[in-house]
Ligand SMILES: [Mn+2]
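Numbering (our numbering), first residue to last: 18 to 423.
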């Protein structure tokens with residue numbers, strides 16, 4: 018880890034921490050992602066800000082939806098801190114910042130290009146530190162906590178858990194800032210080597226000596242599967258104080274709900290088959306995945322491929338309608354459908370040979386033409402949101418574009 022880069026990143030964290038402690042207001046709102054990295058980041062920030070005398074409101078979200086922004090940036094909220102998301106939506110966020118309020122984004126995803134003077138961003142990518150491999154959002158949050166007070170190094174184990182959630186630990190080791198916190202947590206005895214093999218051979222005493230991957234699964238079951246039943250609150254509580262019986266039982270229940278929804282839907286696909294248009298195979302689960310969160314449809318597309326329901330060269334597309342009601346932010350108008358995209362192994366090879374367009378080339382434009390917007394887009398996995406009446410249009414657009422040999 019380059020010492021100068023680290024020191025510059027630390028300095029930016031100190032300036033951000035100072036911009037909060039200098040503020041006249043002591044009420045702070047944390048907007049953070051609901052996956053394991055986002056939840057651990059939210060727990061670290063919550064704990065450290067409570068210790069510094071703030072009153073803290075956590076609002077876990079699945080993504081920054083433009084419709085959420087007016088509900089987040091109300092006149093009563095003067096200090097707003099985004100964690101593990103926000104960097105790619107800085108432009109939209111800026112349009113909702115009210116006079117006299119301060120907004121900080123602590124994110125590790127590649128930030129949007131441009132200057133956003135209305136807010137403050139602290140992102141490892143701005144300092145030559147990789148947000149993909151060297152610094153999870155939880156590690157960035159822990160650096161912020163240490164800038165508030167050196168006594169916050171007891172949060173290091175949660176920073177490592179965040180890195181594990183984002184697949185930034187391999188064979189028990191981390192890189193960069195993640196590695197600094199792994200050293201801290203191990204030295205303090207907050208994480209213990211399990212002596213086993215695999216990628217995450219560390220036990221977390223706060224979670225009754227579960228292995229870090231098991232803890233990651235528990236947090237996902239609570240906060241991702243259980244999002245629409247406010248399971249993210251239980252996940253935050255478990256990160257700060259360890260899980261009690263009630264939390265563990267809810268985790269087991271939500272994992273079972275996912276298995277149940279997925280197996281019913283797979284049965285339906287075996288009975289009815291998957292609709293196909295050229296190189297597009299799709300499935301529309303409607304609202305049948307309720308109360309699972311929006312991540313479910315992407316995982317289900319992977320399940321379709323794993324179970325061999327889509328043999329050949331196909332883009333696999335899944336539609337999941339979602340409730341207009343967010344458990345933390347209230348109701349929103351307009352019916353929308355979340356869309357997830359994966360590719361079969363055969364198609365992946367064609368894309369790698371340059372014979373078919375990858376999802377980064379396919380999805381953002383098609384989503385926009387169907388009246389929606391792209392979310393996370395990678396080459397072989399992507400997501401977008403469109404109006405619910407446009408699903409047929411999106412399939413036609415995709416089929417049309419995908420049929421053109423790259
Ligand atoms: Mn993350």
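Using N, Cα and C, we set each Cβ at its ideal position, and we do this for glycine too.
Excluding sequence positions up to five away, which residues of its chain have a Cβ less than 8 Å from the Cβ of residue i?
i: residue 175; result: 57, 60, 61, 155, 159, 256
i: residue 78; result: 48, 49, 50, 51, 85, 102, 343, 345, 346
i: residue 348; result: 341, 342
i: residue 395; result: 376, 377
i: residue 42; result: 95, 96
i: residue 320; result: 279, 283
i: residue 210; result: 189, 203, 218, 219, 220
For residue i and residue j, I'd like the C-alpha separation in whole angstroms.
i: residue 363; j: residue 161; result: 44 Å
i: residue 381; j: residue 315; result: 17 Å
i: residue 393; j: residue 357; result: 10 Å
i: residue 302; j: residue 309; result: 12 Å
i: residue 404; j: residue 335; result: 14 Å
i: residue 251; j: residue 300; result: 32 Å
i: residue 388; j: residue 69; result: 45 Å
i: residue 273; j: residue 128; result: 36 Å
i: residue 203; j: residue 270; result: 32 Å
i: residue 119; j: residue 90; result: 10 Å
i: residue 378; j: residue 124; result: 25 Å
i: residue 100; j: residue 122; result: 6 Å
i: residue 307; j: residue 417; result: 32 Å
i: residue 243; j: residue 361; result: 29 Å
i: residue 38; j: residue 97; result: 13 Å
i: residue 108; j: residue 83; result: 11 Å
i: residue 151; j: residue 186; result: 9 Å
i: residue 414; j: residue 280; result: 30 Å
i: residue 46; j: residue 219; result: 32 Å
i: residue 431; j: residue 232; result: Residue 431 lies beyond the residue range present for the chain, which begins at 18 and ends at 423; the question has no answer from this structure.
i: residue 140; j: residue 157; result: 8 Å
i: residue 189; j: residue 354; result: 39 Å
i: residue 135; j: residue 34; result: 17 Å
i: residue 298; j: residue 282; result: 15 Å
i: residue 318; j: residue 264; result: 28 Å
i: residue 29; j: residue 18; result: 17 Å
i: residue 114; j: residue 74; result: 18 Å
i: residue 181; j: residue 238; result: 15 Å
i: residue 117; j: residue 289; result: 57 Å
i: residue 199; j: residue 285; result: 45 Å
i: residue 275; j: residue 267; result: 12 Å
i: residue 322; j: residue 173; result: 37 Å
i: residue 260; j: residue 183; result: 21 Å
i: residue 24; j: residue 195; result: 15 Å
Enumerate in chain order the residues of its own chain whose CB-to-CB distance from residue i is below 6 Å, with the five nearest sequence positions on each side excluded.
i: residue 240; result: 51, 56, 248, 249, 252
i: residue 391; result: 380, 381, 384, 401
i: residue 167; result: none
Which residue's Cα is closest to the Cα of residue i: the options?
i: residue 408; options: 66, 198, 292, 153; result: 292
i: residue 507; options: 44, 383, 367, 81; result: The requested residue 507 does not occur in the structure, where the chain is confined to residues 18 to 423.
i: residue 132; options: 98, 30, 288, 106; result: 106
i: residue 345; options: 286, 88, 35, 28; result: 88
i: residue 214; options: 229, 177, 223; result: 229
i: residue 145; options: 96, 244, 26; result: 26
i: residue 305; options: 339, 294, 330, 287; result: 339
i: residue 383; options: 29, 400, 64, 262; result: 400
i: residue 206; options: 413, 148, 111, 221; result: 221
i: residue 236; options: 54, 21, 22, 32; result: 54
i: residue 410; options: 294, 195, 211, 226; result: 294
i: residue 225; options: 217, 354, 208; result: 208
i: residue 352; options: 402, 318, 319, 67; result: 402
i: residue 22; options: 138, 288, 193, 260; result: 193
i: residue 367; options: 317, 331, 398, 337; result: 331
i: residue 197; options: 412, 20, 397; result: 20
i: residue 104; options: 412, 234, 138, 71; result: 138
i: residue 245; options: 76, 36, 177; result: 76
i: residue 31; options: 65, 258, 163; result: 163
i: residue 169; options: 277, 212, 201; result: 201
i: residue 147; options: 126, 165, 130; result: 126
i: residue 365; options: 333, 313, 149; result: 333
i: residue 92; options: 386, 44, 65; result: 44
In the DSSP output, what is residue i paired with across the bridge?
i: residue 398; result: 359
i: residue 177; result: DSSP, once it has assigned bridges, lists no residue as partnering residue 177.
i: residue 48; result: 76, 99
i: residue 275; result: Per DSSP, none; premise fails for residue 275.
i: residue 335; result: 300, 357
i: residue 115; result: Per DSSP, none; premise fails for residue 115.
i: residue 210; result: 219
i: residue 391; result: 401
i: residue 227; result: 221
Compute the minimum distance between the beta carbon of residue i and the heavy atoms of ligand 3, and state whether it is under 7 Å.
i: residue 55; result: Judged by which ligands are present, ligand 3 is missing from the structure shown, whose ligands are ligand 1.
Does chain B have any CB closer than 8 Å to the CB of residue i?
i: residue 323; result: Of the protein chains in the structure, only one exists, and it is not chain B.
Give me, in chain order, the residues of the same chain whose beta-carbon lies closer than 7 Å to that of residue i; leave out the 5 immediate sequence neighbours on both sides.
i: residue 406; result: none
i: residue 111; result: 133, 135, 136
For this session: Could you tell me whether the region 319–329 touches the region 367–383, where touching means 3 or more Cβ pairs closer than 8 Å?
Result: Contact between the region 319–329 and the region 367–383 is absent, because fewer than three Cβ pairs lie under 8 Å.
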